[in-house]
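Enquirer: Can you read through this structure? Questions will come right after.
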Amino acid sequence: MEVGNSQSIPDLMNIRDRMLSYRTAINVFVLISYNRNATRATDSWFLQVSVRDFYAPQPPPGTLTNYPACTVLYETPKIGAPYPRVELALAHGTQICDLPISHLYHPETTPILNPILPVSFRINVEQIRVTILNQRRP
Amino acid sequence: MKPLWEMQQFIEYDDILAWRDEVGVKKGVVYENGRVLFNQWPVRPHEQIVNEFNIQFVSQLSSRYVGTVQHPVFINDGTTGIYLSRMNLMCETYESPVQVAIKNPMLPGGPNLVPKPNSRTPYSLSSRTNRTANLTHPS
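Laid out in structure tokens, this is it:
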């Protein structure tokens with residue numbers, strides 16, 4: 001998980017691309033960004049969940065470190081502005097992101113535990129927005 | 001800082017120390033491979049977001065296995081391995097690899113870190129964890 005501190009979202013995207021490239025063994029990248037603006041009313045935020053392209057072919061020598069392109073499973077909806085405002089609650093249907101547990105274990109199979117692992121990890125995106133709303137500096 | 005970095009071949013480590021003392025910067029200045037960097041400290045709601053995410057993860061995937069032989073199913077490595085020098089600067093008693101090496105020159109890697117007299121590049125910094133010289137005043 002990358003939580004940006006004084007980093008722009010494009011910078012964080014570049015980090016995401018490198019982290020999910022063929023040179024790493026990272027499967028999932030959760031990007032959360034809080035954009036502090038002139039007033040709290042205009043503060044915005046962004047959350048994106050991306051996973052490795054597990055089925056991309058092997059790259060030839062010299063391939064750039066942003067290969068393969070990742071797969072975005074979820075990102076906060078864009079309504080007009082590029083990024084939603086912190087003060088606006090997410091619409092129903094966009095408040096959670098279910099991340100399949102198998103993505104955490106690939107290329108291994110998900111272990112059989114007792115009690116059994118849930119099928120997915122449910123990220124409560126709306127709760128993260130509320131955390132930003134309540135915990136940001138005045 | 002880029003204009004300054006472009007002049008790194010003309011700037012000595014001692015120049016940075018002198019500048020730091022002249023302007024009164026007590027901590028947060030890092031000299032790295034001839035470049036000068038300023039540390040940044042996370043502010044709210046950085047850690048609060050991390051905490052909320054961890055609560056969600058632990059409550060769904062980890063806590064159910066507490067007390068079983070399968071515990072821990074997941075381990076939170078936090079900031080392990082991420083730019084140790086910068087993270088450690090949050091601690092007032094932090095000593096840089098260079099400071100430690102000067103005090104303990106026989107430690108592994110120590111001799112390479114001790115300043116060499118009349119050397120344009122005062123430190124031979126090779127590994128990821130010790131390539132940064134922290135200019136924080138020792139307390």
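Here the protein sequences come in this chain order: P and H.
95 is the number that this note's numbering gives to position 95 of the first sequence; each next residue is one higher, with no gaps.
19 is the number that this note's numbering gives to position 19 of the second sequence; each next residue is one higher, with no gaps.
No residue lacks a Cβ here, since even glycine has one placed at the ideal position from N, Cα and C.
(1) Touch check for the stretch 8-23 of chain P and the stretch 41-59 of chain P: three-plus C-beta pairs under 8 angstroms?
(2) Interface residues of chain H around F29 (chain P) at Cβ under 7 angstroms?
(3) Which residues in chain H sit within 8 angstroms of F46 (chain P), going by Cβ to Cβ distance?
(4) Would you kindly check if the distance between the Cβ of L73 (chain P) and the Cβ of L31 (chain P) is under 8 angstroms?
(5) Is the distance from the Cβ of F53 (chain H) to the Cβ of I128 (chain P) below 8 angstroms?
(6) Mind reading off the beta-carbon distance from L90 (chain P) to E126 (chain P)? Whole number of angstroms is fine, and I expect it under 8 angstroms.
(7) Do you know how far the Cα of T76 (chain P) is from the Cα of R40 (chain P)?
(8) Return the bridge partner residues of L99 (chain P) from the DSSP annotation.
(9) Suppose only complete runs of 4+ residues qualify. What are the alpha helix (DSSP H) ranges in the stretch 63-100 of chain P, listed by chain order?
(10) Mind checking if E32 (chain H) is an interface residue toward chain P, Cβ cutoff 8 angstroms exclusive?
(11) In terms of DSSP beta bridges, what is L37 (chain H) paired with?
(12) Report, in whole angstroms, the separation of the C-beta atoms of R35 (chain H) and R136 (chain P), which I expect to be a contact under 8 angstroms.
(13) If the cut is a Cβ gap below 8 angstroms, which residues of chain H does P222 (chain P) touch?
(14) Going by C-alpha to C-alpha distance, which of P:S44, P:E108, P:P111 and P:T71 sits closest to G80 (chain P)?
(15) Identify whether L61 (chain H) lies in helix, strand or coil by the three-state DSSP scheme.
(16) Can you give me the Cβ contacts of V28 (chain P) inside the same chain, cut-off strictly under 6 angstroms, excluding the 5 residues immediately before and after it?
(17) Counting only Cβ-Cβ distances shorter than 7 angstroms, please list the residues of the stretch 118-135 of chain P near chain H, keeping chain order.
(18) Measure from the C-beta of I26 (chain P) to each C-beta in chain H and report whether the shortest distance is under 8 angstroms.
(19) With L12 (chain P) as the anchor, note down where its alpha helix (DSSP H) starts and where it stops.
(20) Taking Cβ positions only, does P115 (chain P) come closer than 8 angstroms to chain H?
(21) Under 8 angstroms by Cβ, that's how I've got I132 (chain P) and C97 (chain P) pegged, so tell me the actual separation to the nearest angstrom.
(22) Which word fits Y83 (chain P), buried or exposed, when buried means at least 16 other C-beta atoms lie within 10 angstroms of its C-beta?
(23) Count the other C-beta atoms from every protein chain shown that fall within 10 angstroms of the C-beta of P97 (chain H), then say buried if there are 16 or more, exposed otherwise.
Expert: Taking the coordinates as given:
(1) yes
(2) Working through the first sequence from its first residue, we reach residue 29 (chain P) at position 29. Those do not exist, as F29 (chain P) stays about 13 angstroms from chain H at its closest Cβ, beyond 7 angstroms.
(3) Your numbering for residue 46 (chain P) matches position 46 in the first sequence. Those within 8 angstroms of F46 (chain P) in chain H number zero; the least Cβ separation is about 12 angstroms.
(4) Taking the first residue of the first sequence as 1, we reach residue 31 (chain P) at position 31. Taking the first residue of the first sequence as 1, we reach residue 73 (chain P) at position 73. No, they are not a contact pair.
(5) Taking the second sequence and counting its residues from 1, one reaches residue 53 (chain H) at position 53. Taking the first sequence and counting its residues from 1, one reaches residue 128 (chain P) at position 128. Yes.
(6) Here residue 90 (chain P) corresponds to residue number 90 of the first sequence, with the count starting at 1. Here residue 126 (chain P) corresponds to residue number 126 of the first sequence, with the count starting at 1. About 5 angstroms; that satisfies the 8 angstroms criterion.
(7) Indexing the first sequence from 1 puts residue 40 (chain P) at position 40. Indexing the first sequence from 1 puts residue 76 (chain P) at position 76. The alpha-carbon atoms of R40 (chain P) and T76 (chain P) are separated by roughly 19 angstroms.
(8) For the purposes of this step, residue 99 (chain P) is identified with residue 99 of the first sequence, where counting begins at 1. Answer by DSSP bridge pairing, in chain order: P:F121.
(9) none
(10) Residue 32 (chain H) sits at position 32 when you count from the first residue of the second sequence. No - not a single Cβ of chain P is within 8 angstroms of the one on E32 (chain H).
(11) On the second sequence, residue 37 (chain H) is found 37 positions in, with the first residue counted as 1. The partner list for L37 (chain H) (beta bridge, DSSP) reads H:V30.
(12) Against the second sequence, residue 35 (chain H) aligns to sequence position 35. Against the first sequence, residue 136 (chain P) aligns to sequence position 136. About 32 angstroms separates the two Cβ atoms, so there is no contact after all.
(13) The structure shown has nothing for residue 222 (chain P), since chain P only spans 1 to 138.
(14) As a position in the first sequence, residue 80 (chain P) is number 80, starting the count at 1. Among P:S44, P:E108, P:P111 and P:T71, the Cα nearest to that of G80 (chain P) belongs to P:S44.
(15) Here residue 61 (chain H) refers to the residue found at position 61 when the second sequence is read from its first residue. Note: L61 (chain H) maps to helix in three-state DSSP.
(16) Mapped onto the first sequence, residue 28 (chain P) falls at position 28. The residues are V51 and H103.
(17) P118, F121, R122, I123, N124, Q127, I128, T131, I132 and Q135
(18) To locate residue 26 (chain P), count along the first sequence from 1; it is residue 26. Chain H contact via Cβ: absent.
(19) Within the first sequence, residue 12 (chain P) is the residue found at index 12, counting from 1. From DSSP, the alpha helix (DSSP H) with L12 (chain P) extends over I9 to M19.
(20) Your numbering for residue 115 (chain P) matches position 115 in the first sequence. Yes, contact with chain H.
(21) Numbered from 1 along the first sequence, position 132 holds the residue referred to as residue 132 (chain P). Numbered from 1 along the first sequence, position 97 holds the residue referred to as residue 97 (chain P). Not confirmed; about 16 angstroms, so no contact.
(22) The residue given as residue 83 (chain P) occupies position 83 in the first sequence. Buried, since its Cβ has 16 or more Cβ neighbours within 10 Å.
(23) Position 97 of the second sequence, counting from 1, holds the residue named residue 97 (chain H). Confidence is the limiting factor: at P97 (chain H) the pLDDT is only 46, short of 50, which leaves the residue's position unreliable, though a coordinate-based value still follows. Burial call: buried.
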